[in-house]
Each structure stands twice: as C-alpha cells, then as structure tokens.
Amino acid sequence: MVKKHADQINELKLQVCNDSRKYMYALTQLDDFNRLLMAISHNDIPHIHQIVNVALRNGASVREVINKLEDALEGVYRPRGYGADDLDMATLIFRLGGHQLLFVLNQKLCLPSLHTL
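In this text, residue positions in the sequence shown follow our numbering: the first is 28, and each later residue adds one.
Structure follows, in structure tokens:
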C-alpha cells in the first residue's frame, strides 16, 4: 500500500516536471514570435521577404530567422535573391563584357553570377 502511494507520488512529480517544461517551451516560443514581430515592425530591413522565405525553406526556427534579420541589419548577411531584371542585366553584362566583368560586378553590386545564369 505504501509502495503504491510512493509510486503514485513519483508519477505526479514527473508529470509536474514535464508540464512545467512544456509551459516553459511554449513561453520561449511565444517570446521568440514577439521578438520577430518587434524586429519586423521597428526596423527597415532590406530584402526582408527574401530572408524570411529562404530561412523557412531551409527549415529554420523563429530564433534563427530573428538572427538572420539582425545580421542583415548589421550588414553581416546580405540576401541575394534575384529578380528577372537582375538576371537580364547579368546576361547583358556577360554578353557584352564577358565572364570577368560579370564576376567583378557580382562581387561589387551583388548581381547574379555566371553559375546562377
């Protein structure tokens, strides 16, 4: 009888520990989402759409997305999503100036590389 009560007490203690861990995880997730909303609403982040899309496509967590956004604000991370105009300009530069000119402009102006074309 005593062993049964001791086992029941241990199960309840474990359940409380597990529940508290679940709640802490949920609060952490909520805090991350709030940080993401604040980062988006208070800052003018260049190419924010591309940063979020690439991060989600790679399976990044909310915390990783926030880190990428902060890196983009600091200038450490520069997303390179190219539109049709960028691809057309790179093609024209490649045909007129060759692969060396395209390489230089890729490095300095973030145009698509020859490999991207």
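No residue lacks a Cβ here, since even glycine has one placed at the ideal position from N, Cα and C.
Source: prediction; values computed, not measured.
Can you say whether residue i is buried or exposed, counting buried as having 16 or more other CB atoms within 10 angstroms of its CB?
| i | result |
| --- | --- |
| phenylalanine 121 | buried |
| alanine 82 | buried |
| isoleucine 78 | buried |
| alanine 117 | buried |
Alpha carbon to alpha carbon, how far is residue j from residue i? Give it in angstroms, no decimals.
| i | j | result |
| --- | --- | --- |
| asparagine 9 | leucine 41 | Since the first and last residues shown for the chain are 28 and 144, residue 9 lies out of range. |
| cysteine 44 | methionine 28 | 25 Å |
| glycine 86 | leucine 136 | 29 Å |
What would DSSP say about residue i, mapped onto helix, strand or coil?
| i | result |
| --- | --- |
| alanine 53 | helix |
| isoleucine 120 | helix |
| serine 47 | helix |
Once the 5 residues before and after residue i are set aside, which same chain residues still bring their CB inside 7 Å of it?
| i | result |
| --- | --- |
| leucine 63 | Val89, Val92 and Ile93 |
| leucine 100 | Asn70 and Ile72 |
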